[in-house]
Structures are given as structure tokens and as C-alpha cells.
Amino acid sequence: MSRTLALLLSLPLTACGLFRHVDVEPLATAAQRPANVAAYVAVTDGETPLTELNTGNFRVYEDDQLVPADQTQLTLLDPTLVAAHQVVLLVDMSGATTPQAKSVIAKAAQGFVQKVTPREAVSVFAFDGGAQLVPIAALPRGDAQVTMAALESYTARDPSRNLHGAVVAGLKKLDLALAQSGKIIRVGTLVVFAGGPDIAGRVDSDKAHDAVWESPYDVIGVGVAEQADAVEHVARHGLIRAQAPDTLPIAFEEAADKTIAELDKHYVVSYCSPARAGARRLRLEVTYTNKEGEEHHGDFEMDFDAKGFGPGCNSQSVPRFTLRPVEKPEPAPEASKLKGDGKKQPSGPTDSRDQDRGEDAPVAPPDQPGYAK
Numbered sequence: 002m003s004r005t006l007a008l009l010l011s012l013p014l015t016a017c018g019l020f021r022h023v024d025v026e027p028l029a030t031a032a033q034r035p036a037n038v039a040a041y042v043a044v045t046d047g048e049t050p051l052t053e054l055n056t057g058n059f060r061v062y063e064d065d066q067l068v069p070a071d072q073t074q075l076t077l078l079d080p081t082l083v084a085a086h087q088v089v090l091l092v093d094m095s096g097a098t099t100p101q102a103k104s105v106i107a108k109a110a111q112g113f114v115q116k117v118t119p120r121e122a123v124s125v126f127a128f129d130g131g132a133q134l135v136p137i138a139a140l141p142r143g144d145a146q147v148t149m150a151a152l153e154s155y156t157a158r159d160p161s162r163n164l165h166g167a168v169v170a171g172l173k174k175l176d177l178a179l180a181q182s183g184k185i186i187r188v189g190t191l192v193v194f195a196g197g198p199d200i201a202g203r204v205d206s207d208k209a210h211d212a213v214w215e216s217p218y219d220v221i222g223v224g225v226a227e228q229a230d231a232v233e234h235v236a237r238h239g240l241i242r243a244q245a246p247d248t249l250p251i252a253f254e255e256a257a258d259k260t261i262a263e264l265d266k267h268y269v270v271s272y273c274s275p276a277r278a279g280a281r282r283l284r285l286e287v288t289y290t291n292k293e294g295e296e297h298h299g300d301f302e303m304d305f306d307a308k309g310f311g312p313g314c315n316s317q318s319v320p321r322f323t324l325r326p327v328e329k330p331e332p333a334p335e336a337s338k339l340k341g342d343g344k345k346q347p348s349g350p351t352d353s354r355d356q357d358r359g360e361d362a363p364v365a366p367p368d369q370p371g372y373a374k
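Quick look at the structure:
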């Protein structure tokens, strides 16, 4: 009886362990002559982005046969070669009525921008009770000149708060900025700081909620103490709560870290296939060991045609990607029950998918461990 009971008690834990695996989400794939095969993937372990993988974490199988990395020039390319990355930061200035309050917000926004711009472009907009977003700064990737003086001198045109309208408009700004990049793989993040709930009523809560849940982009919320509840219903990919107004710079720094992590979970895996004809099934497997020493695995599979494949492959050539079908997001919580202070549920996909028509030319790798030199 004791042995039977012990086995029964162990079953839930074993079953739970079986479902703990790495999620390898293919956003785009490519197979082209002379023998190049590539995948643009997002890799997570549960809700945790895996940001420090290298070629040793990836294995390639064709028709269930392991293809050794040293025989295929297995390489990680710089994702910026094939994808556009953009962040839009929305800053609520409706409650910043004193020089001290404006200074704290400006300092927080500046810290965010300084941390994110070395990795991706950031556009900053202010909002209050007015119908339009107010441009503050548009900073390209790598921009070293960062100033938020416009926030310190900002005077609200309307003392109300148009939070829902700002969210809808911010997603449109993100779409526009990414469309102007000329690349079709588009990874965007909207970061929204709000000092309280929407009180302008210019845009319906349901409309803002639906816009977020239908968007392919990350949406991260930042708020202060219990007032952060007001932005949680649109913070589909995470809410960061400052303990007090004067700790906003810390909360914005956390938002910056999360934004960068969501970017760094993307990898372009490229290799040269040994196939020379016929249909092949690729299985791209990811293995990594977490902080507890547990080895986790995940993979995805795709079919490709090796017709016409031959020698002369260079795995550092820019892939000509084709988009994978977009999965619909998980059903959103009922917006009518969430309004301005509801609790959001776990989120669905975080990134857009599209394709890039790059040139078949060798490319310089990024200066990061695990990438081709």
C-alpha cells in the first residue's frame, strides 16, 4: 500500500515536469539555393525570455537524423539584419503639475531611453487629457544624445487623462514606425506609463482593450502603487508597479530590462543543409540548463524542398524569409469587466511575424557570444 501511495503521489509532479519545456516559436523560415536553411525564432521557458543562447544550444535534425553543427556551418545571425525593432514610450503628464513631479518623470523616461536605444529605436510621446499624442523625442538605435528636457518643461493642455486614446494612438504610431523601416518582420513594444485611470472618456475602454489584444506587439504597463491597477487591463505583457512617485526611475529601469529581454529572445538560426534533393523535415531543437541545473528542451518542425541544392553554401548569407502562419492570440478577458482597474489574464503571442527580402551576401555578425565571427 505504501509503495502504491508513493507512486500515486508522484504522478502529478511527474506530469507537471513533462509539460515544462522550452517554447520555440518560428516567426519566419527560409530554404533557398545553394543549400541555405534558416529560421527566425522566439525562444522562451514559460514566461521567461531566453536571452543568452548560443550555437551550442541549438541542434538541427533532418528527417530525424542529427546533422552535426561542424558539418553545416550552424550560425546565429544578427536579427536586425532581417527584422525591424521599435519601441514607443507613452508618458502620462496629466498629473505632473509641479516642477518636481515633471523632473522625476523626465528622469525616469531618460533612464529608460538610455538603456534601450543602444539596442533599438525609441519614440517618446506625452499625453494628457487632449485627443492627440505630443511628440517628445524620436531616437534611432544607438543614439547617444538623449535628453528629456521637453518633458521637464511640458505643460498639460488638458488636465484630464486620455489613457485609452493614448494606447490606441500609440499602437498606430508603432505600426507606422515599423512600416517605414522597409522590413517586413516587425517586432514592436509599447510601454505605457499612467498616473491613474482614464477620466477623459474620449475612447471607450473596450476599444483600447481590444486594440491591445488584437495587436501583435508587446504592451507593458508602468504605474504607481494602487494607481497602477488603472493600466493593468491594457498591460497585456506585464505590469511594473513603482512603490511611490519618487521611485518611478526604478520602475522605468525594470520596464527597460523587460523590453530588452523581449527583444533578445529572438534568434536567426542559419545552416547549410547536406540535402541535395527531395522533401526534408527539419526539426530545430533547443536545449538549455536553467539556474536550478534542470535541462529543458523544446523544438519546432518544418518541411522544406531541397530540389536543386548543391555545394557553395554560406550560412552567413542573409535569408529570404517567408512568414509562418500567425496564430490568433488567446481569448481576451471580457473588456466590459475590466474597464480601468481590472485584472488582466495571461497573455498570448508577443511579436509580429513577417518576411524580409534580404540580399544573399555575407554579413558582419553582432559582437555577442555565440555568434559567427
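Residues in the sequence shown are numbered from 2 upward in steps of one, following the working numbering.
For each residue, glycine too, the CB sits at the ideal point set by N, CA and C.
{"Item": "Leaving out five residues before and five after residue 67 in sequence, what residues of the same chain have Cβ atoms less than 7 Å from its Cβ?", "Value": "60"}
{"Item": "Say whether the region 96–111 touches the region 155–162, bearing in mind that this needs 3 or more beta-carbon pairs closer than 8 Å, one atom from each stretch.", "Value": "yes"}
{"Item": "Skipping 5 residues on each side, what residues in its chain have a beta carbon closer than 8 Å to that of residue 247?", "Value": "105"}
{"Item": "Spell out the partners DSSP gives residue 24 in its beta bridges.", "Value": "45"}
{"Item": "By the DSSP assignment, the beta strand (DSSP E) with residue 375 in it spans what residues?", "Value": "Outside the shown range of the chain (2 to 374) lies residue 375, about which nothing can therefore be said."}
{"Item": "Using the Cβ count rule (16 or more neighbours within 10 Å means buried), how would you classify residue 257?", "Value": "buried"}
{"Item": "Consult DSSP for residue 186 and reduce its assignment to one of helix, strand or coil.", "Value": "strand"}
{"Item": "Taking residue 34 as the reference, which of 220, 22, 298 and 276 has the closest Cα?", "Value": "276"}
{"Item": "Run the CB neighbour count on residue 312, radius 10 Å, all protein chains shown included, and call it buried at 16 or more, exposed below.", "Value": "exposed"}
{"Item": "How would you call residue 87, buried or exposed, if buried means at least 16 neighbouring beta carbons within 10 angstroms?", "Value": "buried"}
{"Item": "Exposed or buried, residue 239, counting other C-beta atoms within 10 Å across all chains shown (16 or more means buried)?", "Value": "buried"}
{"Item": "Can you check whether the CB of residue 42 is closer than 8 Å to the CB of residue 1?", "Value": "Shown here, the chain extends from 2 to 374; a query on residue 1 therefore has no answer."}
{"Item": "Among 141, 91, 23 and 47, which one has its Cα closest to the Cα of residue 235?", "Value": "91"}
{"Item": "Is the CB-CB distance between residue 316 and residue 58 below 8 Å?", "Value": "no"}
{"Item": "In angstroms with no decimal places, state the Cα-to-Cα distance between residue 307 and residue 273.", "Value": "11 Å"}
{"Item": "In the structure shown, what three-state DSSP assignment does residue 339 receive?", "Value": "Summary for residue 339: the model assigns pLDDT 42, below 50, so the residue's position carries little reliability; its value from the coordinates is reported in the next sentence. Three-state DSSP puts residue 339 in coil, outside helix and strand."}
{"Item": "Let me confirm a value: residue 227 is counted as buried when at least 16 other C-beta atoms fall within 10 Å, else exposed. Which label applies?", "Value": "exposed"}
{"Item": "Under three-state DSSP, which class holds residue 260?", "Value": "helix"}
{"Item": "Check for me: the alpha helix (DSSP H) holding residue 119 runs from which residue to which?", "Value": "First-last for residue 119: undefined, no H or E at that position."}
{"Item": "Per DSSP, which one or two residues make a beta bridge with residue 298?", "Value": "288"}
{"Item": "My assumption, with CB atoms under 8 Å, is that residue 319 sits in contact with residue 82. Please give the rounded CB distance.", "Value": "6 Å"}
{"Item": "Buried or exposed, going by whether 16 or more other CB atoms sit within 10 Å of the CB of residue 290?", "Value": "exposed"}
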